[in-house]
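K.L.:
I'd like to ask you about the structure that follows.
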Amino acid sequence: MQKNKNILLVYPKIPETYWSYNYALPFIEKRAAMPPLGIITVAAMIPKDYNLRLVDMNVTSIKDTDFKWADIIFTSSMIIQKNSLEEVIKKANSFDVPIVAGGPYPTQYFDQIEGIDHFILGEAESGVLKAFFDDFENNKPKKVYARPSIRKREGAKEIDQQFLDNILRHFEKQDVDIKIAEERPSMALSPIPRFDLLDIKAYISMALQESRGCPHDCEFCNEGALFGHQPRLKEPDKMIQELETIFNLGFRGSIFYVDDNLIGNRKKIKELLPKIIEFQKKHNYPFTLYTEVDISLALDEELMRFMRDAGFNMVFVGLESPDQEVLRSMGKHQNVRINLSESVRKIQGYGIEVTAGFIVGNDNDPPDICDKIFEFCQKEGIVTAMVGLLTAMKGSRLYERLKKEVRIRGDSTGNNTHYFELNFDPLPEKNEEKIIGDYKNLLSRLYDSSGDNCFKRINILIDRLGPHPKPATNVRYAEVKALMKSLVWQSFSSYGPNYRKLIDHTLRYHRRMAPKAVHQAICANHFIKITKYALKADEIKEDFINRARGYQTQISDILKRGFEESGKRVGQMKCDVNEFLKKTRKKIRRLPGEYRETLMELYQQISKNINLRFEYSLGCTK
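Structural data, given as structure tokens:
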């Protein structure tokens, strides 16, 4: 029996994305946006006689001493963390430390991950984690543990059965523990996460989860495959215990409820919210809250009032498209039955900011869809407009449909915005170059370097937001520091004039909203910069690939001529190519962080191929 084992919990690095807030972090002296809620929930389910160490690679780097300390490694990851997870696996393998993989990425892409000793698929509360430790402590851990549940909805049943068949087929010659579950696990089985393992001051927000499962079945979404359609909720008293735990650890600030749709079961949420209101009042509103909901929130005045009074000051809503026909085609029926503009304004009137997701690249998109999205966001004051190209995710009805139509090109990268490739073939009548070009243009308008459009939306939002219960005087020291940095850094930025107008307008007409205005400006800094760098990196990448192809074609054409002429031409072209490579390398080096690293890998690969082609060509002409 194995006792007193050292378990290293590793959360791989998330690349620079729209949601990473890399360019907002310096203002508030934080290192990451949110903690890894999944893995600290798993940590709370691990038997007490194990020694735990958490390494969140978004906060700190993982060291060789961590691997040497560990007897076994647990990882939890999303698909966007794929590259970082691969590095962790390589390192663990080199130290000969067993590694366990769980989370959304391994659950859906287990067949694409090598070097893993044990897979724990699906929700840990389903019994898979307990089963693993029962075997592990008897020195007989199996390769994979899974408790898949088969949904009964038409279309969903086939997806779930296919998932089960894939697991059985992939692991057919290995020792496995796979049992079909009658239902998904109750949230009563989910313990209070181990927030004490975190460097709690390193994060902008804390994270909590009240429910899993969404009642809707949008075609593009794979959350139903992961968590089902029946919302499962924690009891109100348990959620208050989690809030108390975070409060007692000294955290003050924002908390993100990571639920895919917090209001999926309104009756139960209305039982919870009064208890949160009581907690907030008791502690003088230590937390501001935000979450994800569907637009039907606007139809329930009581629910909006409860959420406002509980401290919710922001919600993310999947609006997806301002076009009714597109919404119908994607199964977004809850958005069709309601006036989107009126709904956004109603929610804003309760002091709750509406941030929203939009999708470009649907089969039914009209030619001017990007213009419609832009106009909607500008008109309704949607500052945080996450616009992404349509992605076919494994587990979604969209993926299955496109697979049957033989249109799937590859898997999703997990980055659903500021990414410029489709993972499926558009319809023959659609121009892919136009789709992506229009999408890039939309991003550049929403988050232009001058800030004209972005700051217009902020002003509209500040004008529309209704009163909120958080005391205006309850401004923390960290917010004062952020304000001072904002005034110094942003006043003289590329969007400085618009920033100064915002501050002036807010102080004149909405003084109590000054902290909100500064917060919006700091977030705008991130969105403007991430857009600028993403577009620039893609421009460099496209130019580099196209010109490299052109040079390779020219070399082939030259070789068709006589040896003497070819030798001179190839030698002359090599000088041109070297100059081109030098200039491209310089452009790449001007990019920040991960954009630079990613493009430099491509640069090394292509430049190596070009040089090999030259060596071959020069050899042929001798």
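Count along the sequence shown from 1, add 254, and you get the number used in the numbering used here.
Built from N, CA and C at the ideal position, the CB exists for glycine as well.
Taking DSSP as the reference, what is the three-state secondary structure of G376?
P.N.:
Note: G376 maps to coil in three-state DSSP.
K.L.:
Classify G649 as helix, strand or coil using the three-state DSSP reduction.
P.N.:
The answer is coil: DSSP assigns G649 none of H, G, I, E or B.
K.L.:
With DSSP run on the structure shown, which of helix, strand or coil describes N685?
P.N.:
Reduced to three states, the DSSP call for N685 is coil.
K.L.:
Just to confirm the assignment, what range does the beta strand (DSSP E) spanning Y265 have?
P.N.:
From DSSP, the beta strand (DSSP E) with Y265 extends over 260-265.
K.L.:
Is DSSP giving G611 helix, strand or coil here?
P.N.:
In the structure shown, G611 sits in a strand (DSSP, three-state: E or B).
K.L.:
In the structure shown, what three-state DSSP assignment does A298 receive?
P.N.:
In this structure, A298 counts as coil in the three-state DSSP scheme.
K.L.:
Taking the alpha-carbon positions, what's the G642 to K302 distance?
P.N.:
Roughly 43 Å between the two C-alpha positions.
K.L.:
Counting only the same chain and skipping the five closest in sequence on each side, list residues whose C-beta sits under 6 Å from that of T727.
P.N.:
Below a pLDDT of 50, predicted positions are generally treated as unreliable, and T727, at 46, falls in that range; the measurement from the model is reported next regardless. So no residue of the chain qualifies.
K.L.:
Nearest to D548 by alpha carbon, out of H470, D625, K735, L761?
P.N.:
Residue H470 is the option with its Cα nearest to D548.
K.L.:
Cutting at 6 Å between CB atoms, please list the residues of its own chain near Y544, excluding the five before and the five after it.
P.N.:
Taken in chain order, the residues that qualify are F510, M568.
K.L.:
At the level of alpha carbons, what is the spacing between A346 and R559?
P.N.:
Whole-angstrom Cα-Cα distance: 50 Å.
K.L.:
Would you please verify whether the beta carbon of M311 is less than 8 Å from any beta carbon of chain D?
P.N.:
Of the chains in the structure shown, none is chain D; there is only one protein chain.
K.L.:
With distances taken Cα to Cα, identify the nearest neighbour of D554 among F533, T638, I592.
P.N.:
Minimum Cα distance to D554 is reached at I592.
K.L.:
Can you tell me whether A788 is helix, strand or coil according to DSSP?
P.N.:
A788 falls in the helix class under three-state DSSP.
K.L.:
Going by DSSP in three states, F746 sits in which element: helix, strand or coil?
P.N.:
Coil at F746, not helix or strand.
K.L.:
For the beta strand (DSSP E) holding I601, just list the boundary residues, first then last.
P.N.:
No beta strand (DSSP E) holds I601; the alpha helix (DSSP H) holding it covers 594-603.
K.L.:
What's the gap between the Cα of E496 and the Cα of K455?
P.N.:
If you take the alpha carbons of E496 and K455, they lie about 17 Å apart.
K.L.:
Taking only the alpha-carbon atoms, compute the straight-line gap between L656 and Q415 and give it to the nearest angstrom.
P.N.:
C-alpha separation (whole angstroms): 18 Å.
K.L.:
Any contact of the region 661-678 with the region 592-606, i.e. 3+ C-beta pairs under 8 Å?
P.N.:
Contact between the region 661-678 and the region 592-606 is absent, because fewer than three Cβ pairs lie under 8 Å.
K.L.:
At 3 residues or longer, and completely inside the region 307-359: list those beta strand (DSSP E) runs for me, N to C.
P.N.:
The qualifying runs are 326-330, 353-356.
K.L.:
Roughly how many angstroms lie between the CA atoms of K247 and I458, to the nearest whole one?
P.N.:
Only positions 255 to 876 of the chain appear in the structure, and residue 247 is not among them; the question remains open.
K.L.:
Below 8 Å, can you find three or more Cβ-Cβ pairs linking the region 290-306 to the region 258-269?
P.N.:
Flag = yes, the region 290-306 and the region 258-269 touch.
K.L.:
Along the chain, where does the alpha helix (DSSP H) containing T499 start, and where does it finish?
P.N.:
T499 -> alpha helix (DSSP H) spans 490-502.
K.L.:
Mind checking Y870: buried by the 16 CB within 10 Å criterion, or exposed?
P.N.:
It counts as exposed.
K.L.:
For the alpha helix (DSSP H) containing E532, name the first residue and the last one.
P.N.:
Here the alpha helix (DSSP H) through E532 covers 520-536.
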